[in-house]
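Colleague: Pasting a structure here, questions to come.
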Amino acid sequence: MSAASSAGDASISAGSPVAAAARQTLSAKAERFTESVIREMTRLAMQHGAVNMAQGFPDFSASEEVKEAARRAITDDINQYAITWGAKELRDAIARKFERTQGVRVDPEREITVTCGSTEAMMATMMGIINPGDEVVIFEPHYENYGPDAILSGATPRFVQLQPPDWNFDRDELKRAFGPKTKAIILNTPNNPTGKVFTREELEFIRDLCVRWNAYAVTDEIYEHIIYDGSKHISMASLDGMRDRTITINGMSKTYSVTGWRVGWAIAPPDASVPIRKVHDFLTVGAAAPLQQAGAVALELPASYYQKLAEMYVLKRDRMLGILTEAGFRCFKPAGAYYIMTDISGFGYPDDMAFSKYLVEKIGVAVVPGSSFYDDQKMGARQVRFTFCKKESTLAACAEKLSKLRAR
Ligand code: GLN
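Shown next, in the form of structure tokens:
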């Protein structure tokens, strides 16, 4: 039933001018994007009883110490609003960790905003820095949120391709994407969905463009500790000249396997933190106070915690590469993060959507269709993404299901 007919006037049909006028009262911005395909795939996995290799959330336990810290915080009655831009203990811990791991010193009083997940950190950042007419450079394939982030903040995206199999970018193409209207580049390293870890040399090239065009680098570093084969995660803010033009987005979700806690943050120079904090305040007021308290404990875990995390994930990556290769996928081996992009050309399906539908409905495995990582859907028509942040029994179930699939 359309909104117009439910209002009680039977003479108004869906196609009438009155209905059209009613439709125009809805947000034109919101009409420009769809709901998250990644999260939709999780719903489909549940509906079809499929193994969920789509959405990147761990299905294994979080650290006992971190969980205990959250329980303790609730018992200790840390149950009211924290300071809107973040509990002091957590901001202090974020500042200490950033200095410890990346050598970047920030002022927790003026340069850190704690948000509801890095998703909100990114949105608050974009809404905080963008003006009409501003452009943002986005590498693609990209995490799907960046599209709606650009639309809602009013930025015009300029896409630059990361090219398989190595996901390198063409430096001239990147140069051409920058100009006088460029407000920022959105960078995600280690990268979702490709697993690319940007090298120092690449970051320096990007840095030089940011300096030349007076642009911000907004860097999503949520997978910073999930890196393989000796790759090194380098924060853009640690590069000479970038300390004051980088906004670093991060959060607890992936590092501590607590994606449902929704604790993230933005580290930004004071002048940029002011609007980010204002937007954040009116979007959500604040992230869950007891979980922020637990975050303060988590961020003080010893280096061995992060080492073990990476060691656990490299085994899962290799296991998943084996499963997928055996099943007939061409895999792009990730150097970081916990996803594998694959080429599905061998299966003979018309596109990624048809293949993903077949996988979830008939084979019993949910994946993310490649097109959801591209502005131009055709670019992802031969790709699907698998995550491997799952326990061994889930990986084994996935292997079992995929054995029914044979390259045609
Ligand atoms: N980052 C995860 C993914 O890409 C999911 C994030 C989310 O759904 N909020 O699958």
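Just so it is clear: in the sequence shown, position 207 is 492 by the numbering used here, and no numbers are missing. The C-beta atom is built at its ideal place from N, Cα and C for all residues, glycine as well.
I'd like to confirm something about G665: is its beta-carbon nearer than 8 Å to some heavy atom of the ligand GLN, or not?
Modeller: Counting from one through the sequence shown, the residue named residue 665 turns up at place 380. Because no heavy atom of the ligand GLN lies under 8 Å away, the Cβ of G665 does not count as near it: no.
Colleague: Whole angstroms are fine: how far does the CA of D556 sit from the CA of I368?
Modeller: Position 83 of the sequence shown holds residue 368. Position 271 of the sequence shown holds residue 556. Roughly 19 Å separates the two Cα atoms.
Colleague: Between the Cα of L375 and the Cα atoms of D661, M537, P449, which residue gives the shortest distance?
Modeller: Translated into positions along the sequence shown, residue 375 becomes position 90. Comparing Cα-Cα distances from L375 to each of D661, M537, P449, the minimum goes to M537.
Colleague: By the three-class DSSP mapping on this structure, what secondary structure does F383 have?
Modeller: Indexing the sequence shown from 1 puts residue 383 at position 98. It is helical.
Colleague: Output needed for Q365: all residues of its chain with C-beta closer than 7 Å, excluding positions within five of it in sequence on either side, in chain order.
Modeller: By one-based count along the sequence shown, residue 365 stands at place 80. Excluding positions up to five away in sequence, the list reads A574.
Colleague: If you measure from the CB of A339, is any heavy atom of the ligand GLN nearer than 8 Å?
Modeller: Position 54 of the sequence shown, counted from the start, is the residue given in the question as residue 339. At least one heavy atom of the ligand GLN is nearer than 8 Å to the Cβ of A339, so yes.
Colleague: In the DSSP output, what is M626 paired with across the bridge?
Modeller: As a working note, residue 626 is residue 341 in the sequence shown. F617, R670.
Colleague: Please return the same chain residues whose Cβ sits closer than 6 Å to the Cβ of Y634, not counting the five positions on each side in sequence.
Modeller: Counting from one through the sequence shown, the residue named residue 634 turns up at place 349. Excluding residues within five positions, the ones whose Cβ falls inside 6 Å are F640.
Colleague: Considering only the beta carbon of each residue, do V421 and I470 sit closer than 9 Å?
Modeller: If you number the sequence shown from 1, residue 421 lands on position 136. If you number the sequence shown from 1, residue 470 lands on position 185. It is a contact, given that the beta carbons lie within the stated cut-off.
Colleague: One question on the structure: do M626 and V570 come within less than 9 Å of each other, judged by their Cβ atoms?
Modeller: To locate residue 626, count along the sequence shown from 1; it is residue 341. To locate residue 570, count along the sequence shown from 1; it is residue 285. No, they are not a contact pair.
Colleague: Got a sec? Which residues, its chain only, sit under 7 Å from G293 by beta carbon, not counting five neighbours each side?
Modeller: As a position in the sequence shown, residue 293 is number 8, starting the count at 1. With a pLDDT of only 41 at G293, under 50, the local geometry of the prediction cannot be trusted, and the value read off the model is given with reservation. Same-chain partners within the cutoff: there are none.
Colleague: Out of A355, R390, E429, A330, which has the shortest C-alpha to C-alpha gap to A522?
Modeller: As a working mapping, residue 522 is identified with position 237 in the sequence shown. The option with the nearest alpha carbon to A522 is R390.
Colleague: Determine whether the beta carbon atoms of Y428 and N473 lie at a separation below 9 Å.
Modeller: In the sequence shown, the residue the question calls residue 428 occupies position 143. In the sequence shown, the residue the question calls residue 473 occupies position 188. Yes.
Colleague: Applying the 10 Å Cβ sphere with the 16-neighbour rule, what's the burial state of E394?
Modeller: For the purposes of this step, residue 394 is taken as the residue at position 109 of the sequence shown. Classification for E394: exposed.
Colleague: Since G413 and I561 are thought to touch, with beta carbons under 8 Å apart, how far apart are those beta carbons, to the nearest angstrom?
Modeller: The residue given as residue 413 occupies position 128 in the sequence shown. The residue given as residue 561 occupies position 276 in the sequence shown. With 8 Å as the limit, G413 and I561 qualify as a contact, their Cβ atoms being about 4 Å apart.
Colleague: Could you tell me whether the stretch 311 to 327 touches the stretch 651 to 663, where touching means 3 or more Cβ pairs closer than 8 Å?
Modeller: Touching, yes.
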